[in-house]
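This report concerns only the one structure given below.
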Amino acid sequence: MKGQKTMQRILDKIKAYNTIIIHGHKRPDGDCYGAQFGLKNIIASSFPNKKVYVVGETSDFVSFVGKMDIISDDTYQGALSIVVDTAVQDRISDPRYTLGDYIIKIDHHIPVDHYGHMRWVDTNFPSCAQMIAYFYTKFQDELKLTEEGAIALYTGIVTDTGRFRFRGVSQLTHQMAGLLIKKGVDVEYIDRQLSVESMEMIALKGYVYSNFIVGDGVVYIKMTRDVIEKYGVTDEQAASMVGLIGGIEGYPVWALLMEYPTEIRIRLRSNGPTINELANKYQGGGHAKAAGCKLNSWDELPTFIKDAEDVVKAHLKGE
Numbered sequence: 004m005k006g007q008k009t010m011q012r013i014l015d016k017i018k019a020y021n022t023i024i025i026h027g028h029k030r031p032d033g034d035c036y037g038a039q040f041g042l043k044n045i046i047a048s049s050f051p052n053k054k055v056y057v058v059g060e061t062s063d064f065v066s067f068v069g070k071m072d073i074i075s076d077d078t079y080q081g082a083l084s085i086v087v088d089t090a091v092q093d094r095i096s097d098p099r100y101t102l103g104d105y106i107i108k109i110d111h112h113i114p115v116d117h118y119g120h121m122r123w124v125d126t127n128f129p130s131c132a133q134m135i136a137y138f139y140t141k142f143q144d145e146l147k148l149t150e151e152g153a154i155a156l157y158t159g160i161v162t163d164t165g166r167f168r169f170r171g172v173s174q175l176t177h178q179m180a181g182l183l184i185k186k187g188v189d190v191e192y193i194d195r196q197l198s199v200e201s202m203e204m205i206a207l208k209g210y211v212y213s214n215f216i217v218g219d220g221v222v223y224i225k226m227t228r229d230v231i232e233k234y235g236v237t238d239e240q241a242a243s244m245v246g247l248i249g250g251i252e253g254y255p256v257w258a259l260l261m262e263y264p265t266e267i268r269i270r271l272r273s274n275g276p277t278i279n280e281l282a283n284k285y286q287g288g289g290h291a292k293a294a295g296c297k298l299n300s301w302d303e304l305p306t307f308i309k310d311a312e313d314v315v316k317a318h319l320k321g322e
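Numbering (my numbering), first residue to last: 4 to 322.
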C-alpha cells in the first residue's frame, strides 16, 4: 500500500492540533461509523490532552459502536477537521467541517472530488476502517488503540467487505482483522449485533422477495415511501435490503431504489460488470462493484435500467 509519507503528514497534523473533529457521510453505514469512532479512539488514547469529537448523522444499525457528539460552532475555531469514507463534499454529514482550520480527507472510494487541504485516498482498501487500522499499525510505537476502538474498526471492516466476501479483501485485510481481534474484539458479539432483526425487517424481506423486478441481466426493487411507512422501518433499514436480491443466477447487476421527497437514491451492486461509470452518469459514483447514484424522479427509471442492461451486455461480450 502507498501513502506512507501522507500518513506521516496526517499524524503530524494530528499532533499539531488540540481539537480534532471527525466527520463521515450522510446516512452512515458500518464502515463510516467504524472509521470515525476507531480514529477517535486512536487519537484520544494516544493524546489524552486533546479534545476529539465525532459528529454527523446517527445509525441505529451500528449504534453499539459509539454515540455522536453534539458540539457548537465555536468548537471548530482553530480545530482540525478530518472527513472519512466520503468521496464527495455534498455527501459529508454536517457541513460545519469547513469551519475547521485545516481539512483532511481519508477515503477509499474512486477520487472524483479533491476536497480538503490534505488527502489520503487509496482505492486498494476495501474499507475506510481498514485504512485507519493500517494507519495505526504504521505508528504503533507512537499510537494506542483500545478494545473499544478495535471493535469500531472491526465492525467497519466486516460490514463494508460483506463479512470478508467482497472483491478487494486481501491478506492485509485479514491481518488487520487479526490484529483487532488480538486487541480484544469479540467476533461473536459483533456478529450478533449485526445479525439481530425485528419482525418488521423480516416482513420487509418477504416484500422484497415477492416484489423485485427483473430486467435483462438486472434485478431491482423499488422502496417507495408507502412501502417504508407500511412496514414501519427506517430509511436505513429499508436501504439495507439491497443484498437480498444479489447473487441471482443470470442477473449480475442489482439495485435498490429509495424514494425521497426530491429524488430517488440508488444503491447499485454487481458481481461481474463494472458499475461505477454507470453511477457517475447518474450523479453518483463509488467502487467497481458497489456504487450509488440518484434519479430526479421515477420517470428516469426506464432509461437507467436500459443503461444498466447495456452494461451487462457489454460485460458479457467482453467489451
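Where is the CB? At the ideal position from N, CA and C, for every residue including glycine.
Look up residue i in the DSSP assignment and say whether it is helix, strand or coil.
{"i": "I85", "result": "strand"}
{"i": "T22", "result": "strand"}
{"i": "I224", "result": "strand"}
{"i": "L182", "result": "helix"}
{"i": "H54", "result": "Reading off the sequence, residue 54 comes out as Lys, not His. In this structure, K54 counts as strand in the three-state DSSP scheme."}
{"i": "S243", "result": "helix"}
{"i": "G159", "result": "helix"}
{"i": "A294", "result": "strand"}
{"i": "S198", "result": "helix"}
{"i": "I251", "result": "coil"}
{"i": "V236", "result": "coil"}
{"i": "I278", "result": "coil"}
{"i": "G289", "result": "strand"}
{"i": "V217", "result": "strand"}
{"i": "S48", "result": "helix"}
{"i": "N299", "result": "coil"}
{"i": "E145", "result": "coil"}
{"i": "D313", "result": "helix"}
{"i": "T164", "result": "coil"}
{"i": "G152", "result": "helix"}
{"i": "R170", "result": "coil"}
{"i": "D189", "result": "coil"}
{"i": "G41", "result": "helix"}
{"i": "G209", "result": "helix"}
Take residue i and list the residues in its own chain whose beta-carbon comes closer than 6 Å to its own, dropping the five residues that flank it on each side.
{"i": "V211", "result": "I224, M244, L247"}
{"i": "A155", "result": "G37, F40, G41, V68"}
{"i": "G249", "result": "W257, R272"}
{"i": "K316", "result": "none"}
{"i": "V314", "result": "P276, L281"}
{"i": "S48", "result": "K147, T149"}
{"i": "A241", "result": "M226, I231"}
{"i": "L207", "result": "Y234, V236"}
{"i": "R268", "result": "M261, K297"}
State the beta-bridge partners of residue i as determined by DSSP.
{"i": "C35", "result": "C35 is not bridged to any residue."}
{"i": "M261", "result": "M226, R268"}
{"i": "S273", "result": "V256"}
{"i": "H324", "result": "What the structure shows of the chain is the stretch from 4 to 322, and residue 324 is not part of that stretch, so it cannot be assessed."}
{"i": "H28", "result": "I95"}
Any idea if residue i is buried or exposed, counting beta-carbon neighbours within 10 angstroms, 16 or more meaning buried?
{"i": "W301", "result": "exposed"}
{"i": "E150", "result": "exposed"}
{"i": "H112", "result": "buried"}
{"i": "V163", "result": "Reading off the sequence shown, one finds Asp at residue 163, where the question assumed Val. Classification for D163: buried."}
{"i": "K18", "result": "exposed"}
{"i": "F167", "result": "exposed"}
{"i": "N299", "result": "exposed"}
{"i": "T158", "result": "buried"}
{"i": "Y263", "result": "exposed"}
{"i": "V86", "result": "buried"}
{"i": "N279", "result": "buried"}
{"i": "Y192", "result": "exposed"}
{"i": "V190", "result": "exposed"}
{"i": "M261", "result": "buried"}
{"i": "K292", "result": "buried"}
{"i": "S75", "result": "exposed"}
{"i": "P255", "result": "buried"}
Would a check of beta-carbon distances place residue i closer than 7 Å to chain D?
{"i": "I45", "result": "This model lacks chain D altogether; it includes just one protein chain."}
Please go through the same chain and pick out, in chain order, the residues whose beta-carbon is closer than 7 Å to the beta-carbon of residue i, but skip the five residues on each side of it.
{"i": "F142", "result": "L14"}
{"i": "A153", "result": "L183, K186, G187, V188"}
{"i": "D1", "result": "The chain is shown only over 4 to 322; residue 1 falls outside these bounds and no answer can be derived."}
{"i": "D229", "result": "none"}
{"i": "Q133", "result": "I160, T176, M179"}
{"i": "N44", "result": "L148, T149, E151, G152, A155"}
{"i": "D97", "result": "H26, V58, G59"}
{"i": "K54", "result": "N21, T22"}
{"i": "E312", "result": "G218, D219, G220, V221"}
If you measure from the CB of residue i, is any heavy atom of the ligand ADP nearer than 6 Å?
{"i": "L298", "result": "Questions concerning the ligand ADP fall outside what the structure shown contains, since it holds no ligand whatsoever."}
Identify, in the order they occur along the chain, each residue of the same chain with its Cβ nearer than 8 Å to the Cβ of residue i, setting aside the five sequence neighbours on each side.
{"i": "D116", "result": "A90, V91, Q92"}
{"i": "K16", "result": "L83, Y105, I107, M121"}
{"i": "G288", "result": "A90, V91, H112, I113, V115, N279, A282, A294, G295, C296"}
{"i": "I216", "result": "V222, Y223, I224, K225"}
*Counting only runs that start and end within the stretch 57-140, where is the beta strand (DSSP E) found for 3 or more residues in a row?*
83-87, 105-110, 121-124
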